[in-house]
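Just so we're on the same page, the numbering used here is the position in the sequence shown counted from 1, plus 48. Here the structure is laid out as structure tokens; the discussion comes afterwards.
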Amino acid sequence: MKRPLLSFFMILLLAAPVLAASYTLPGTDPTEGYKHHNNIGIRGEVMINLNVTLINTAPFPKFVMVNPRYDFTVYRRNNGEYVIGIRDTSGKTVYHINNLSANTLNYHLGFWIRPYETVVVNFRITNSTSYLPQMKDYRSLCGGGQITDLTFANGTVSNGTVSVNEGLSNPICDVLYPQIINTPEVVDITSLLPLIDGYVKILKYSGTVTFRLINVPDESGEFWSVFAVSLPVIFAGAAHYDFEPNYTMTYNEYMEKFVDEYRGVGIEKKKPETLQVSDNLFSLTGSLLAGVSVTQPRPVKRENTTFLDYPVWIIWLGKSLDIKYHVSWNNNEKVSLSGGEKEKVWVILDRGNFERR
Numbered sequence: 049m050k051r052p053l054l055s056f057f058m059i060l061l062l063a064a065p066v067l068a069a070s071y072t073l074p075g076t077d078p079t080e081g082y083k084h085h086n087n088i089g090i091r092g093e094v095m096i097n098l099n100v101t102l103i104n105t106a107p108f109p110k111f112v113m114v115n116p117r118y119d120f121t122v123y124r125r126n127n128g129e130y131v132i133g134i135r136d137t138s139g140k141t142v143y144h145i146n147n148l149s150a151n152t153l154n155y156h157l158g159f160w161i162r163p164y165e166t167v168v169v170n171f172r173i174t175n176s177t178s179y180l181p182q183m184k185d186y187r188s189l190c191g192g193g194q195i196t197d198l199t200f201a202n203g204t205v206s207n208g209t210v211s212v213n214e215g216l217s218n219p220i221c222d223v224l225y226p227q228i229i230n231t232p233e234v235v236d237i238t239s240l241l242p243l244i245d246g247y248v249k250i251l252k253y254s255g256t257v258t259f260r261l262i263n264v265p266d267e268s269g270e271f272w273s274v275f276a277v278s279l280p281v282i283f284a285g286a287a288h289y290d291f292e293p294n295y296t297m298t299y300n301e302y303m304e305k306f307v308d309e310y311r312g313v314g315i316e317k318k319k320p321e322t323l324q325v326s327d328n329l330f331s332l333t334g335s336l337l338a339g340v341s342v343t344q345p346r347p348v349k350r351e352n353t354t355f356l357d358y359p360v361w362i363i364w365l366g367k368s369l370d371i372k373y374h375v376s377w378n379n380n381e382k383v384s385l386s387g388g389e390k391e392k393v394w395v396i397l398d399r400g401n402f403e404r405r
């Protein structure tokens, strides 16, 4: 049985005031311990900013409860109805509720919609409370040969550890290729309300998603990582557009063409050629491997199953990169405000207080 060995390396530093930080791979941020990165040091953070237009078609008010994972602001009057969360270094979130009487009911966070009112509500996941998607580890056949921890002093590598396999095997253990290290999460904003309430409806929504990729241990600017990522969030039924930077290819193109061509597997062998920079499949930049021009994401059908196709980026990452895109959805059905029944007294509401909010 092969046992992994740990080999240490050290870089001598001149005497100076020392600001030290240590990282493990995979591991957590030394300052914000709740933030995780994978075995090649990559952490993902997702920020969302959406404006959602809702309407209450009932002849009585409705209180809409909000997932506290999202900050929100109700755009009416002086925009004084809002809830903001701020996360500390331990991961605990502290909430500021600007108007307790207007934005809580049964100790739930939310907001009121008056009879027949149309209102726009801004929902946000900010940099302070960013969503941390799981970033998968990079897989290789080496089983070792990787730096597993690093210590920096004043922004320079001072020492670290390399994981080494004890067995005597081939000195070349693998060839790197860009692996996809995340999986999209699907959010369906419009499907829940029709199941729980027939009066409150979403008319439309639009906004932006930011996917921040950070090479966490790279304090010295010496460690580069090459990998692929997909859309972090897919909004069911919505349009996704204005990708910055533009994506390299779609998922199906990555799986069906890119991986085999990049690795030279399953293709006819050709006589080696001397390639110019313009002949390469990708041209390197400081932050991104820019791909060929592709069309918008589209459903791809195989046999009787429909597969969702979505953008993929091939990334050559130094310290950090932001991927941004827009989403929008519109309800094409007409919402009727006529024919409402006379208001039924199902519950006693303090209308005086309600009107003053």
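Glycine is no exception: its CB is placed at the ideal position from the N, C-alpha and C atoms. Note that the structure is a prediction, hence the values are computed from the model and not measured.
Tell me whether the segment 259 to 276 and the segment 85 to 92 touch, counting them as touching only if at least three CB pairs, one residue from each stretch, are closer than 8 Å. A contact exists between the segment 259 to 276 and the segment 85 to 92.
Residues bridged to V264 (per DSSP): On the sequence shown, position 216 is the one that residue 264 refers to. In the DSSP assignment, V264 forms no beta bridge with any residue.
Proximity to N175 [Cα-Cα], best of L241, D290 and R117: Along the sequence shown, one-based indexing puts residue 175 at 127. Nearest C-alpha to N175: R117.
Could you tell me the alpha carbon to alpha carbon distance between V169 and G158, rounded to whole angstroms? Counted from its first residue, the sequence shown places residue 169 at position 121. Counted from its first residue, the sequence shown places residue 158 at position 110. So the two alpha carbons sit approximately 11 Å from each other.
Assign E301 to one of three DSSP states: helix, strand, or coil. Here the question's residue 301 lines up with position 253 in the sequence shown. In the structure shown, E301 falls within a helical segment according to DSSP collapsed to helix, strand and coil.
Going along the chain, which residues of its own chain have a beta-carbon closer than 6 Å to the beta-carbon of G192, five neighbours each way excluded? Here residue 192 refers to the residue found at position 144 of the sequence shown. Within the same chain, G192 has close Cβ partners P52, S211, V212 and N213.
If you draw a straight line from the C-alpha of L243 to the C-alpha of T231, how long is it? Reading the sequence shown from its first residue, position 195 is the one you call residue 243. Reading the sequence shown from its first residue, position 183 is the one you call residue 231. Between L243 and T231, the C-alpha separation is close to 28 Å.
Determine, using beta carbons only, whether P359 and L261 come nearer to each other than 8 Å. Here residue 359 refers to the residue found at position 311 of the sequence shown. Here residue 261 refers to the residue found at position 213 of the sequence shown. Their beta carbons are not under 8 Å apart, which means P359 does not touch L261 by this criterion.
Does DSSP classify N230 as helix, strand or coil? Sequence index remark: in the sequence shown, residue 230 carries index 182 (1-based). The three-state secondary structure of N230, taken from DSSP, is coil.
Scan the segment 87 to 166 and note each continuous alpha helix (DSSP H) run of 4 residues or more that stays entirely inside, going in chain order. The segment 87 to 166 contains these whole alpha helix (DSSP H) runs: 148 to 151.
One or two residues paired with V276 in a DSSP bridge: The residue given as residue 276 occupies position 228 in the sequence shown. Looking at the sequence itself, residue 276 is Ala, so the reference to Val does not match. A276 is bridged to I228 and I362.
When the Cα of I371 is compared with those of V307, Y164, I362 and P109, which residue comes out closest? Stepping through the sequence shown from its first residue, residue 371 is reached at position 323. For I371, the nearest C-alpha among the options comes from I362.
Considering just the uninterrupted stretch of the beta strand (DSSP E) at V223, what are its terminal residues? Along the sequence shown, one-based indexing puts residue 223 at 175. It is not in any beta strand (DSSP E) - V223 carries neither H nor E in the DSSP assignment.
Give the single residue among K110, T72, N99 and L365 whose Cα lies nearest to the Cα of Y247. Numbered from its first residue, the sequence shown carries residue 247 at position 199. The candidate whose alpha carbon is nearest that of Y247 is K110.
Three-state secondary structure assigned by DSSP to E80: Within the sequence shown, residue 80 is the residue found at index 32, counting from 1. Coil at E80, not helix or strand.
Can you tell me where the beta strand (DSSP E) holding D370 begins and where it ends? Within the sequence shown, the letter at position 322 stands for residue 370. Per DSSP, D370 is one residue of the beta strand (DSSP E) stretching across S368 to N378.
Taking D357 and T298 to be in contact with their CB atoms under 8 Å, please state how far apart those CB atoms are, rounded to whole angstroms. As a working note, residue 357 is residue 309 in the sequence shown. As a working note, residue 298 is residue 250 in the sequence shown. Your pair D357 and T298 checks out as a contact, with CB atoms roughly 5 Å apart and the cut at 8 Å.
Contacts around C221, its chain only, beta-carbon distance under 6 Å, and the 5 residues preceding and following it disregarded: As a position in the sequence shown, residue 221 is number 173, starting the count at 1. The residues are L189 and C190.
Ordered along the chain, which non-local residues of its own chain (more than five positions away) have a Cβ less than 8 Å from that of G81? Sequence index remark: in the sequence shown, residue 81 carries index 33 (1-based). Excluding positions up to five away in sequence, the list reads T137, S138 and G139.
How long is the line joining the alpha carbons of K349 and V122, rounded to whole angstroms? For the purposes of this step, residue 349 is taken as residue 301 along the sequence shown, with counting starting at 1. For the purposes of this step, residue 122 is taken as residue 74 along the sequence shown, with counting starting at 1. Any reading at K349 is ruled out, since the residue's pLDDT is 43, under 50, leaving its predicted position unreliable.
Given that a residue counts as buried once 16 or more other Cβ atoms are within 10 Å of its Cβ, and exposed if not, what is T105? As a position in the sequence shown, residue 105 is number 57, starting the count at 1. By the C-beta density criterion, T105 is buried, having at least 16 other C-beta atoms within 10 angstroms.
Can you tell me whether D277 is buried or exposed, with buried defined as 16 or more other CB within 10 angstroms of its CB? Residue 277 sits at position 229 when you count from the first residue of the sequence shown. This sequence places Val at residue 277; Asp is not what is there. For V277, the number of other beta carbons within 10 angstroms of its own is at least 16, and it is reported as buried.
Is it buried or exposed, A150, if we count other Cβ atoms within 10 angstroms and call 16 or more buried? Numbered from its first residue, the sequence shown carries residue 150 at position 102. Answer is buried; the Cβ neighbour count reaches 16.
Does DSSP classify E292 as helix, strand or coil? As a first step, residue 292 is located in the sequence shown; it is residue number 244 there, counting from the start. In this structure, DSSP gives E292 an extended state, which the three-state scheme calls strand.
Can you round the beta-carbon distance between G366 and G269 to whole angstroms, since I take them to be within the 8 Å contact cut? Here residue 366 is taken as the residue at index 318 of the sequence shown, counted from 1. Here residue 269 is taken as the residue at index 221 of the sequence shown, counted from 1. Their Cβ separation, rounded to whole angstroms, is 7 Å, which keeps G366 and G269 in contact under 8 Å.
E351 versus N300: straight-line alpha-carbon distance, rounded: Mapped onto the sequence shown, residue 351 falls at position 303. Mapped onto the sequence shown, residue 300 falls at position 252. Residue placement at E351 is flagged as unreliable, the pLDDT there being 42, under the threshold of 50; the coordinate-derived value follows with that caveat. Going from the Cα of E351 to the Cα of N300 covers about 15 Å.
Can you tell me the Cβ-Cβ gap for S376 and A284, rounded? I've got them flagged as a contact below 8 Å. Residue mapping note: residue 376 aligns to position 328 of the sequence shown, counting from 1. Residue mapping note: residue 284 aligns to position 236 of the sequence shown, counting from 1. No, S376 and A284 are not in contact; Cβ-Cβ is about 13 Å, not under 8 Å.
With a threshold of 8 Å on Cβ separation, who are the neighbours of I90 within its own chain once the five nearest residues in sequence on each side are excluded? For the purposes of this step, residue 90 is identified with residue 42 of the sequence shown, where counting begins at 1. These residues qualify, in order along the chain: M183, I229, L261, I262, N263, V264, S273, F275 and L365.
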